[in-house]
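In my numbering, the protein residues as written are 524 to 896. Glycine residues also receive a C-beta, built at the ideal position from the N, C-alpha and C atoms. What follows is one structure encoded as structure tokens, with my remarks underneath.
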Amino acid sequence: MNFSFSSEEESFRQEVIDFLRPYRDLEGFIQQGEKWAQVEALFRAMAERGWLSIAWAESEGGLGKSIAFEYILWDEFGYARAARNPLSAGIVAKTLIRHGSPEQKARWLPPIRSGDAHYSLAYSEPEAGSDLAAVRTRADLDGDAYVIRGEKCWQSYAQNMDYFWLLARTGDLDSRARGLSLLIVDRHAEGLRIEPLPTLDGDQLNAVFFDGVRVPASHRIGPENQAWAIMGEALADERHIQFPAGRVRRDLDDVCDWAEAHELTGDPAVRARLGGLAAEVREAEMHSLNVLDAMIHGRQATAAAAANKIAHTLACQSIARAAMDFGGELALVMGDRPELLWRLSLWETIGGGTTEIMRSVVAREALGLGGNR
């Protein structure tokens, strides 16, 4: 297993670092109002360099670079806290490239590539969070359109998006994973309503209601009732950039800087705590690189990706807990750091798959322990 990058890849890393200097800390922990407008401008600046489509094939309008470049790009974005990788250019675009018709690709890929179209994944529901096979939102075919009724919840940035990448049931209720389809839904479609859900980290998730929303049948991606397999492929394509270690490296650097600024590093207990955190962050980085290495060499990365998510989550929480301990009562009134860091770390155990689900994946895929879906 070789974790070194080529000279070309390292040169690209420096290019990304230089590009991000004006955007450092742009994302912070929120993407609302003016903040989102700035992030959107950043995506357009990336698009001018071809970075939103860096790993797309040249035949699809991309740069045709290896996934190592894509990993480096989002690793440095994480460290700079500039923005999280947009789902539009990742899961959505790569699914369109693999499963979209020529007409669908011609319509939807160019605005994604240019940074002008943004998507929210409309998967989770009140009764179908980790268990997406239990989705109940229905899409019933009526002539040349699907009529959608149901509710999605915990939608990130839905208030800023242009489209929903909707998972809906087109089969019988008891069809579970065998009766799901993917559709693209315009956020401004008649019958669609968005309601905010304030979160612990000061940001906003959303509930999205579909009340007889009509969507052209031509907006269905892939065959009807085949979304489960399509989603699995898309997830596999994105595993190397789902949880890069840049963000936890930055969190640790911030805590170390804060401890030094407050003259805490002379305490052997504090130094020991920071050393332990550094080991956790290095472990998370090794897991990230292990996923990348597996994907580059065509090995199955399902268990490795789940282990990476677990390591990332635990490192985030350990760093945030240390920041709270070091800050004492001051931690409650210091703004973004460290109290908000602690609140955000709680979300990390849920977003992208709960820690319990990830451990089940490792048990099933790496250890051969059986499980039912």
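Determine the closest residue to residue i out of the options, with distance taken between C-alpha atoms.
{"i": "Arg835", "options": "Ile577, Arg772 and Gly652", "result": "Per the sequence shown, residue 835 should be read as His rather than Arg. It is Arg772."}
{"i": "Gly735", "options": "Glu862, Arg716 and Arg887", "result": "Arg716"}
{"i": "Glu563", "options": "Gly587, Ala591 and Ser637", "result": "Ser637"}
{"i": "Gln682", "options": "Ala560, Asp541 and Gly821", "result": "Ala560"}
{"i": "Leu863", "options": "Ala829, Asp726, Glu756 and Asn831", "result": "Asp726"}
{"i": "Ala651", "options": "Leu696, Lys617 and Ile614", "result": "Leu696"}
{"i": "Leu632", "options": "Glu803, Gly613 and Leu812", "result": "Gly613"}
{"i": "Arg820", "options": "Ser589, Ala854 and Gly876", "result": "The sequence shown places His at residue 820, rather than the Arg named in the question. His820 has its Cα closest to that of Ser589, out of Ser589, Ala854 and Gly876."}
{"i": "Ala854", "options": "Leu837, Val778, Asp760 and Ala828", "result": "Val778"}
Return the chain-ordered list of same chain residues with a C-beta closer than 8 Å to the C-beta of residue i, the five sequence neighbours on each side being excluded.
{"i": "Arg896", "result": "Residue placement at Arg896 is poorly supported in this model, since its pLDDT is 46, which falls under 50; the coordinates still yield a value, given next. Ala656, Arg699 and Ala700, listed in sequence order."}
{"i": "Glu550", "result": "Lys558, Val562, Arg604, Ala605, Ala606 and Arg607"}
{"i": "Arg547", "result": "Ala603, Arg604 and Ala605"}
{"i": "Glu783", "result": "none"}
Locate the alpha helix (DSSP H) running through residue i, then write down its first and last residues.
{"i": "Ser868", "result": "Leu864 to Glu871"}
{"i": "Ser831", "result": "As written in the sequence, residue 831 is Asn, which differs from the Ser given in the question. That run of the alpha helix (DSSP H) goes Thr825 to Gly850."}
{"i": "Pro791", "result": "Pro791 to Ile819"}
{"i": "Asp548", "result": "Per DSSP, Asp548 belongs to no alpha helix (DSSP H) and is neither H nor E."}
{"i": "His763", "result": "Ala750 to Gln765"}
{"i": "Gly891", "result": "Looking at the DSSP string, Gly891 is not in any alpha helix (DSSP H), and its letter there is neither H nor E."}
{"i": "Glu783", "result": "Gly769 to Ala784"}
Please work out which residues of its chain come closer than 6 Å, Cβ to Cβ, to residue i, disregarding the five sequence neighbours upstream and downstream, and give them in chain order.
{"i": "Ala886", "result": "Leu892"}
{"i": "Ile620", "result": "Glu583"}
{"i": "His742", "result": "Leu706 and Ile707"}
{"i": "Asp663", "result": "Val670"}
Just curious, the beta strand (DSSP E) that residue i is in, first and last residue?
{"i": "Ile687", "result": "One point to set straight first is that residue 687 is Phe, not Ile, in the sequence displayed. Run containing Phe687: Tyr686 to Arg692, per the beta strand (DSSP E) assignment."}
{"i": "Gln727", "result": "Gln727 to Pro739"}
{"i": "Arg716", "result": "Leu715 to Pro721"}
Note down, in chain order, each residue of its chain lying with its Cβ closer than 7 Å to the Cβ of residue i, except the 5 sequence neighbours on either side.
{"i": "Asp667", "result": "Pro739 and Ala740"}
{"i": "Ile506", "result": "Since the first residue of the chain shown is 524 and the last is 896, residue 506 is not available in this structure."}
{"i": "Trp574", "result": "Leu596"}
{"i": "Pro649", "result": "Glu674 and Cys676"}
{"i": "Ile540", "result": "Glu599"}
When the Cβ atoms of the segment 766-774 are set against those of the segment 799-819, are three or more pairs found closer than 8 Å? Flag = yes, the segment 766-774 and the segment 799-819 touch.
Quick one: which unbroken beta strand (DSSP E) runs of 3-plus residues sit fully inside the segment 624-710? Chain order, please. Qualifying beta strand (DSSP E) stretches, in chain order: 642-645, 661-665, 668-675, 686-692 and 703-709.
For the 8 Å Cβ check, are there 3 or more pairs between the segment 649-664 and the segment 684-696? At 8 Å Cβ cutoff, the stretches touch.
What residue ranges within the segment 570-616 form continuous alpha helix (DSSP H) runs of no fewer than 4 residues, ordered along the chain? For the segment 570-616, the continuous alpha helix (DSSP H) assignments of 4+ residues that do not extend past its boundaries occur at 590-603, in sequence order.
If we count Cβ pairs, one from each stretch, closer than 8 Å, do we get three or more for the segment 592-601 versus the segment 524-535? Because the criterion of three Cβ pairs below 8 Å is met, the segment 592-601 and the segment 524-535 touch.
Do three or more CB pairs link the segment 821-833 to the segment 785-799 at distances below 8 Å? Segments in contact, no.
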